[in-house]
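In this note's numbering, the protein residues as written are 152 to 613.
Glycine is no exception: its CB is placed at the ideal position from the N, C-alpha and C atoms.
The model shown is predicted, which means the values in this text are computed figures rather than measured ones.
Here is the structure we will look at, set down as structure tokens.
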Ligand SMILES: Nc1ncnc2c1ncn2[C@@H]1O[C@H](COP(=O)(O)OP(=O)(O)O)[C@@H](O)[C@H]1O
Ligand SMILES: [Mg+2]
């Protein structure tokens, strides 16, 4: 389908717009249900925004501050070295320098004499502190050094060879040279967005609930189930839709009620007359003419019943959980009475929510069609979590595939059937399909393994 429409777009010369493509991409890749969709719509911007913010903070703030701190530490060290070299060397002076460095600058300095630098420490793979500090020590101190930022957690160990045999060892908190509170900032950011998301999710749930309730009410009503009028809740638009649904449902129910009442009246009146007519006929002495009239009266009664059934539909019947196997066996018995070979295959217990009378009529129509056209009939019923399927197979002539839709139209009878001297109104399948659709299902015709027609009643039960 998609490729055909793509081709058409190209033939028409109108390339699909970027917006259209984007929309189609979203339609294809978003989850189907409304709730996860809305969640994605809310969560994606939050995550995106937070990631961009985090990136900028890492890139700018963290980087810059670490750079500045490292630079100032390197400068302070350079300053101390200048002072050390300018004044005459004496233990008192050294002590004074160390005191200055530790009390005022908080550098953790010790002056070690008669030692050399240790072999280079292993470098961390990615450490801003290590990179920046190395850079500024190289640039500002200009002496051989040894740096270790991972040996002791939270501390940095920097040793500088001031003169051969004289080492300045700086063992200080990493905070001196490193913007370390970014973690807390990130934690705040992630924490606050989690709280935000939680609020959004709860709020969204409450907004979407009325929509889901409306959807399931409409679905149950479409399947002919009993739907209690429900209170419109949620956003204004949802309330309008719910109210419209309630009104529509009431109107349909009223309509069905009126029609059923009218039909009951008409059929009662006509039947009364017909019965009277048949009684009067019975009073005549038997003769071929009277017999013919009686046959006609019988046929008229059958037709009247068919028409009534067709207009009545399911008669506004409510779905209730019914014993399908009882219905199936009673219909099967009818066919057996007409002298057909009957076999029934179904679980002993089969309960499903259907409109019992309408369902029975639907099955009766299929089975009586089979009985009319064939000698042996097989009915099987099965049910899983979602669907109830009742299959009627026969060994008759079947219906050619191209006619299988047509026969469902009211008053359509296939020609050879019309030629046969059999009564029928062409309403049987129309009524049956109407009933199946009134349950939210359908009837499908196909080829039977018995050689004739297979009719399948397929009704959703979940
Ligand atoms: N089991 C069947 N085998 C063969 N043809 C069938 C079968 N069921 C229905 N048909 C054909 O479909 C037509 C329509 O069926 P239906 O609506 O029940 O009308 P009717 O039975 O009153 O003729 C029938 O006239 C018949 O030609
Ligand atoms: Mg029929």
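Among 189, 588 and 176, the one whose alpha carbon lies nearest that of residue 362
Comparing alpha-carbon positions, the option among 189, 588 and 176 lying closest to residue 362 turns out to be 189.
Comparing the C-beta of residue 278 with each C-beta of chain D, is any distance below 8 Å?
Included in the structure is just one protein chain, with no chain D present.
Residue 458 - containing alpha helix (DSSP H), residue span:
Counting along the chain, the alpha helix (DSSP H) containing residue 458 begins and ends at 439-463.
What does residue 538 pair with, by DSSP beta-bridge criteria?
In DSSP, residue 538 forms a bridge with 611.
For residue 160, name the three-state secondary structure that DSSP assigns.
In this prediction, residue 160 scores a pLDDT of 45, lower than 50, which makes its location untrustworthy; the coordinate-derived value is nonetheless stated afterwards. DSSP places residue 160 in the helix class (H, G or I) of the three-state scheme.
Could you give the first and the last residue of the continuous beta strand (DSSP E) run that contains residue 493?
It spans 492-496 - the beta strand (DSSP E) in which residue 493 sits, taken as one unbroken run.
Within 8 Å, strictly: CB atoms of residue 583 and residue 516
Their beta carbons are under 8 Å apart, which means residue 583 touches residue 516 by this criterion.
Once the 5 residues before and after residue 158 are set aside, which same chain residues still bring their CB inside 8 Å of it?
Because residue 158 sits at a pLDDT of 44, beneath the cut-off of 50, its placement in the model cannot be relied upon, and the point is left open.
Segment limits, alpha helix (DSSP H) that includes residue 174:
For residue 174, the enclosing alpha helix (DSSP H) starts and ends at 169-180.
When you compare only the Cα positions, how much space is there between residue 367 and residue 613?
Their backbone Cα atoms lie some 11 Å apart in a straight line.
Can you tell me whether residue 564 sits near ligand 1, meaning its C-beta is under 7 Å from at least one heavy atom of the ligand?
Short note on residue 564: C-beta closer than 7 Å to some heavy atom of ligand 1.
For ligand 2, any of its heavy atoms closer than 7 Å to the Cβ of residue 575?
Residue 575 Cβ: within cutoff of ligand 2.
Listed by chain order, which residues have C-beta atoms less than 5 Å from any heavy atom of ligand 2?
In chain order, the residues with a C-beta atom nearer than 5 Å to some heavy atom of ligand 2 are 520 and 579.
Collapsed DSSP secondary structure at residue 341 in the structure displayed:
It is helical.
Mapping the DSSP letters down to three states, classify residue 202 as helix, strand or coil.
Looking at residue 202 - three-state DSSP - the assignment turns out to be helix.
For residue 273, does the three-state DSSP call read helix, strand or coil?
The answer is coil: DSSP assigns residue 273 none of H, G, I, E or B.
With residue 133 and residue 425 assumed to form a contact (beta carbons below 8 Å), what rounded beta-carbon distance in angstroms separates them?
Nothing about residue 133 can be reported from this structure: the residues present for the chain run from 152 to 613 only.
What three-state label does DSSP hand residue 237 in the structure shown?
Here residue 237 carries a helix assignment [DSSP, helix/strand/coil].
Less than 7 Å between the CB of residue 550 and some heavy atom of ligand 1, yes or no?
Yes, since a heavy atom of ligand 1 falls inside the 7 Å radius drawn around the Cβ of residue 550.
Alpha-carbon to alpha-carbon, residue 579 and residue 476
Straight-line Cα distance between these residues: approximately 22 Å.
Residue 324 - DSSP class collapsed to helix/strand/coil:
Strand at residue 324.
For residue 290, which three-state DSSP category applies?
Assignment of residue 290 by DSSP, reduced to helix, strand and coil, places it in the helix class.
Mark residue 207 as exposed unless 16 or more other C-beta atoms lie within 10 angstroms of its C-beta, in which case mark it buried.
By the Cβ-count criterion, residue 207 is exposed, with fewer than 16 other Cβ atoms from all chains shown falling within 10 Å of its own Cβ.
Beta-carbon separation of residue 216 and residue 328 under 8 Å?
No, the pair does not count as a contact, with Cβ atoms beyond the cut-off.
For residue 155, which residues of its own chain have a beta-carbon under 7 Å away from its beta-carbon, when the five flanking residues on both sides are left out?
Per-residue confidence for residue 155 stands at a pLDDT of 44, beneath the threshold of 50, marking its modelled position as unreliable; no derived number is given.
Give the secondary structure of residue 562 by DSSP, where H, G and I count as helix, E and B as strand, and everything else as coil.
Note: residue 562 maps to coil in three-state DSSP.
Got a sec? Which residues, its chain only, sit under 7 Å from residue 461 by beta carbon, not counting five neighbours each side?
The residues are 561, 578, 581 and 582.
8 Å contact criterion, which residue 550 and residue 491 should meet: CB distance rounded:
That belief does not hold up - the Cβ atoms of residue 550 and residue 491 are roughly 18 Å apart, past 8 Å.
Any idea what DSSP makes of residue 416, helix, strand or coil?
The three-state reading of DSSP puts residue 416 in helix, counting H, G and I together.
6 Å Cβ shell around residue 541 - same chain, five flanking residues per side excluded:
Here the set comprises 532 and 608.
Name the residue from 251, 240, 282 and 285 whose alpha carbon lies nearest to the alpha carbon of residue 264.
Ranked by Cα distance from residue 264, the first of 251, 240, 282 and 285 is 240.
Between 499, 556 and 564, which has its C-alpha nearest residue 534's C-alpha?
Nearest C-alpha to residue 534: 499.
Using 8 Å for Cβ pairs, my map puts residue 258 next to residue 213. What's the rounded Cβ distance?
That belief does not hold up - the Cβ atoms of residue 258 and residue 213 are roughly 23 Å apart, past 8 Å.
May I ask whether a heavy atom of ligand 1 can be found less than 7 Å away from the beta carbon of residue 486?
It does not: the Cβ of residue 486 is nowhere closer than 7 Å to a heavy atom of ligand 1.
In the DSSP assignment, the beta strand (DSSP E) including residue 250 goes from what residue to what residue?
Looking at the DSSP string, residue 250 is not in any beta strand (DSSP E); the run it does join, the alpha helix (DSSP H), is 242-250.
From 250, 348 and 290, residue whose alpha carbon lies closest to that of residue 321:
Checking every option, the nearest Cα to that of residue 321 belongs to 250.
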